[in-house]
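Here this note's numbering is used: the first residue of the sequence shown is 16, the next is one more, and so on.
Glycine residues also receive a C-beta, built at the ideal position from the N, C-alpha and C atoms.
Let me begin by presenting the structure, written as structure tokens, before commenting on it.
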Amino acid sequence: SGENGKGLNIDKSKLSPEELKKYEKGYQRNAFNQYASDQMSLHRTLPDVRDKECRDRNYATELPDTSIIVIFHNEAWSVLLRTVFSCLDRSPGHLVKEIILVDDFSDFEHLQAPLQEFADSQEKVRLVRAKKREGLIRARLLGASVAQGNVLTFLDSHCECTMGWLEPLLDRISQNKSNVVTPVIDVINDDTIQYQYSSAKSTSVGGFDWNLQFNWHGIPDHEKKRRKSDVDPVRSPTMAGGLFSISREYFEYLGTYDPGMDIWGGENLELSFRIWMCGGSLDIAPCSHVGHIFRKRSPYSWKTGVNVVKKNSIRLAEVWLDEFSKYYYERFNYDLGDYGDVSARKALRERLHCKSFKWYLDNIYPDLFIPGESLASGEVNGVFNSQSQPACLDSAADKKAYNKAIKLWPCHNMGGNQYWMLSKSGEIRRDEGCFDYAGQFVMIYPCHAMKGNQEWIYGPDNTLRHKNTNLCITLSEDGTKIEMKACTGIDRQIFHWKRKIPDSDVKKTEPNGQKLLR
Ligand SMILES: *[C@@H]1O[C@H](CO)[C@@H](O)[C@H](O)[C@H]1NC(C)=O
């Protein structure tokens, strides 16, 4: 079972008590269905998931070879070995110098002597072990320090490489050592272990929000226009971090990772910013597909007591974000805590003559919403009759609120769920959640930066008009909710929202605050 990437549905009610125990234990230890994975061949076949154009592409005849570095901690046997074999089986032999398995201090029995025996039996597999729990970042550094290939390819330990995955990555790097490149990451279902692939057209690029959380977006229009074909490399502002290839020499030149970062988190953004700001480029190769099991929770425990991701993120903000770090720090009232010494990383930035974060935002990630550039911000209030108290547009903007209607609530003047910003591209938003109208009701939906259902016009008449449908946000007559109605400019369509003087005009303002006449 599992052949051709198929999934396996385990019917728990049909398992014997013995099997059920195994099944439950597999889930508990891995947070994916180890029991299903164990039924599948370590060499299972996969469909050729590439777009048709990819199969006819020609790559340089002399490609650099790569060390494939796989960090693991208490990984399931079948999943780890399938990662190794899927890469070996589907790569031209001369391009794989070695596969380096880095054991980040596992204690599962099968990862001790049995794994060493496995590594010894495979010509290209090397096993190195950390002497204590190091975390992803330092374990990768350990792997890189012993690697001998010209390129380093980092993979997670629950992946499957598909036909033709490697050549597009190495080809990009052979064109220019400063190209860093990631495969398209397909989903391997965590319950059925089914390989689910996506076409090049639906490739996503990496971004981030001002919580310094990584996120995915559709390919922006300007990038679609720049490329000649759907299978050309796509520029990505950031990478998810688990899977990428980089020239070994360039990785070292660029300062590898920040060794002051602990465990994991933030290192992917730090490296992404560093690549772009210090003269490199970061692309996704749509012809290279690697599957990855996405888990719903982490099965590991860390006994650190400190918020590691926050500490790592502050380190990167201090070194790379310049004046934009305030948008992150505002989230926790500038309570930076002890984030250690970053002077060596600042010196690195100096030494490499890296560009500013402003440059990065303007040139590499122009689609990112920058709170300081919003055209209006604060509460959005209206009245439904001349006697009524102002009512405010109200909603959480986090994931839990997605797909839910915008509510009307007495204004409380405390920001929070009533604080909204109008972006330059016409979104009414906060963080990642945008006002969205698809014909039913106005709801909060993840911002997609494609205008469409999320484009609004806050006109000089103070109405909130939905560009696509030409309807206006209107308070219902009884003042209990909002509706979408033809724009007639009645009182129930008038909303007060604090407009911001654009920065460009602020600069032309006299010191006493008087705006210059133009
Ligand atoms: C590689 O890319 C960098 C940055 O874009 C550029 O400055 C350099 O000239 C390129 N090198 C080659 C050999 O094309």
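Three-state secondary structure (DSSP) at R148? Coil, per DSSP.
For R445, which of A453, V457 and N432 has the nearest alpha-carbon? R445 has its Cα closest to that of N432, out of A453, V457 and N432.
Range covered by the beta strand (DSSP E) that runs through M436: Counting along the chain, the unbroken beta strand (DSSP E) around M436 starts and ends at W435 to L437.
Quick check: what's the CA-CA separation for H173 versus N483? The alpha-carbon atoms of H173 and N483 are separated by roughly 43 angstroms.
Under the three-state DSSP convention, the category N322 falls into: N322 carries a coil assignment under DSSP once its states are collapsed to helix, strand and coil.
Cβ of S193 versus every heavy atom of ligand 1: is any distance shorter than 7 angstroms? Flag set: Cβ of S193 near ligand 1.
Say the cut is 7 angstroms; is the CB of S296 nearer than that to a heavy atom of ligand 1? Indeed, a heavy atom of ligand 1 lies less than 7 angstroms from the Cβ.
I'd like to confirm the pairing. Which residues does DSSP put opposite E175 in its beta bridges? BP columns for E175 point to G306.
Going by Cα to Cα distance, which pick from Y473, M436 and H481 is closest to Q455? Among Y473, M436 and H481, the Cα nearest to that of Q455 is on H481.
Span of the alpha helix (DSSP H) holding N45? Its alpha helix (DSSP H) spans residues P32 to N45.
Taking just the CA atoms, how far does I379 sit from K523? At K523 the pLDDT is 42, less than 50, meaning the model places this residue with poor confidence; the figure from the coordinates comes in the next sentence. When rounded, the distance between both Cα atoms is 28 angstroms.
Does the distance from the CB of G22 to the CB of I208 come in under 8 angstroms? Cβ atoms of G22 and I208: closer than 8 angstroms.
Rounded straight-line distance, which links the Cα of W279 to that of P183: Whole-angstrom Cα-Cα distance: 27 angstroms.
Which residues bound the alpha helix (DSSP H) around W512? Under the DSSP assignment, W512 falls outside any alpha helix (DSSP H), being part of the beta strand (DSSP E) whose first and last residues are H511 to R514.
Own chain residues within Cβ distance below 6 angstroms of R533, not counting five before or after: Residue confidence for R533 is low, a pLDDT of 30 falling below 50, so the modelled location carries little weight and cannot support an answer.
Could you pull out every residue in the same chain whose Cβ sits closer than 7 angstroms to the Cβ of K513, ignoring the five residues on either side in sequence? Apart from sequence neighbours up to five positions away, the residues of its chain that approach K513 with a beta-carbon distance below 7 angstroms are A391, S392 and G393, ordered along the chain.
Sub-8 angstroms separation of L376 and L383 beta-carbons: Between L376 and L383, the gap from beta carbon to beta carbon is short of 8 angstroms.
Alpha carbon to alpha carbon, how far is P248 from S193? Cα to Cα, the separation comes out at about 14 angstroms.
In whole angstroms, what is the alpha-carbon distance linking N327 and D273? A straight-line Cα-Cα distance of about 9 angstroms links N327 and D273.
Assumed close pair V143, I115 - CB separation to whole angstroms, cut-off 8 angstroms: Distance from V143 to I115 at the Cβ level is roughly 6 angstroms; contact confirmed, criterion being Cβ atoms closer than 8 angstroms.
Could you name the residues that DSSP lists as bridge partners for E113? Looking at the DSSP assignment, E113 forms a beta bridge with S82.
Taking all protein chains shown into account, do 16 or more other C-beta atoms lie within 10 angstroms of the C-beta of H88, making it buried, or fewer, making it exposed? With 16 or more other Cβ atoms inside 10 Å of its own Cβ, H88 counts as buried.
For the alpha helix (DSSP H) containing C369, list its first residue and its last residue. Per DSSP, C369 is not a residue of any alpha helix (DSSP H), being assigned neither H nor E.
Sort out for me which residues DSSP pairs I459 with in a bridge. BP columns for I459 point to F450.
In the DSSP output, which residue or residues are listed as bridge partners for P198? Beta-bridge pairing links P198 to A300.
Assign E90 to one of two classes, buried (16 or more other C-beta atoms within 10 Å of its C-beta) or exposed (fewer than that). With 16 or more other Cβ atoms from the protein chains shown falling within 10 Å of its own Cβ, E90 counts as buried.
Report the residue from G448, C449 and N396 whose alpha carbon sits nearest the alpha carbon of I497. Residue N396 is the option with its Cα nearest to I497.
Where DSSP assigns a beta bridge to G393, which residues make up the other side? Assignment of beta-bridge partners to G393 by DSSP yields W435.
Could you tell me whether the Cβ atoms of D119 and I84 are closer together than 8 angstroms? I84 is positioned such that its CB atom lies no closer than 8 angstroms to that of D119.
Between the segment 225-233 and the segment 56-71, are three or more C-beta pairs nearer than 8 angstroms? Taking a cut-off of 8 angstroms on C-beta distances, the segment 225-233 does not touch the segment 56-71, as fewer than three cross pairs fall below it.
Grouping DSSP H, G and I as helix and E and B as strand, with all else coil, what is F100? Three-state result, F100: helix.
Whether or not the segment 212-220 and the segment 123-142 are in contact is what I'm after, with contact meaning three or more pairs of Cβ atoms, one per stretch, closer than 8 angstroms; do they touch? Three or more beta-carbon pairs separated by less than 8 angstroms are not found between the segment 123-142 and the segment 212-220, which leaves the two stretches without contact.
Do V166 and D298 have their CB atoms nearer than 8 angstroms? No, Cβ-Cβ distance for V166 and D298 is not below 8 angstroms.
Per-residue DSSP class, three states only, for D476: Note: D476 maps to coil in three-state DSSP.
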